[in-house]
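What follows is one structure encoded as structure tokens, with my remarks underneath.
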Amino acid sequence: FRVTGAHTIGVGHCGLISDRLFNFTGVGDTDPSIARVYASLLRAKCSNLGANNNVVDPAIEMDPGSGSSFDTHYYTALRQNQGLFESDAALLTDQRSARMSRVFETNRELFFVAFGQSMVKMGAIGGVGAGEIRKNCHVIN
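Note that full-length UniProt numbering has the sequence shown beginning at 1, numbered continuously upward.
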């Protein structure tokens with residue numbers, strides 16, 4: 001849960017959320033867990049995706065309004081139903097995760113400490129065999 005706060009910085013792409021915006025249940029609808037105004041903004045940004053093969057997949061800040069700052073605004077946006085990914089929105093469906101989101105939203109220092117601890121723990125995870133570190137995550141070296 002703590003590492004989801006990393007969504008406070010960086011971008012996602014329309015291709016990763018297009019089903020949430022344009023065909024959530026298979027009938028051309030939008031995920032109802034997205035705030036209406038935010039969903040309209042996302043649909044406008046992603047409307048040309050797939051119109052032709054030359055369109056670049058647009059980038060969208062994962063934390064609307066604070067996407068270039070590592071802060072707790074992600075949790076504010078989440079509470080306002082502005083989670084970019086389904087995994088973000090899912091945090092509010094679990095009582096414990098929703099409570100921790102509220103705590104991290106209002107206690108920046110606690111979030112920073114918890115996030116740092118999670119990064120250290122994740123960094124200690126060993127690999128699963130003779131893999132490789134990719135120079136570009138989309139292409140095998």
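From the three backbone atoms N, C-alpha and C, an ideal C-beta is built for every residue, glycine too.
For clarity, every value in this text was computed on a predicted model and none was experimentally measured.
Between the region 75-82 and the region 9-21 there are fewer than three inter-stretch CB-CB distances shorter than 8 Å, so the stretches are not counted as touching. Segment contact: the region 78-94 against the region 108-120, fewer than three CB-CB distances shorter than 8 Å; contact not assigned.
Distances from the alpha-carbon of residue 82 to those of 95, 97, 48 and 65 put 65 closest. Residue burial is scored here from C-beta neighbours: residue 40 has fewer than 16 other C-beta atoms within 10 angstroms and is therefore classed as exposed.
Per the C-alpha coordinates, the member of 20, 135 and 46 positioned closest to residue 58 is 46. Spatial neighbours of residue 122 in its own chain (CB-CB distance under 7 Å, excluding positions within 5 residues in sequence) are listed in chain order as 3.
Counting only runs of at least 4 residues, the region 15-47 fully encloses the following alpha helix (DSSP H) elements, listed from N- to C-terminal order: 36-46. At a Cβ-Cβ threshold of 8 Å, residue 9 and residue 68 count as neighbours. In summary, residue 99 is exposed, with fewer than 16 beta-carbon neighbours lying within 10 Å of its beta-carbon over all protein chains present. Residue burial annotation: residue 119 is exposed, with fewer than 16 other C-beta atoms found within 10 angstroms of its C-beta.
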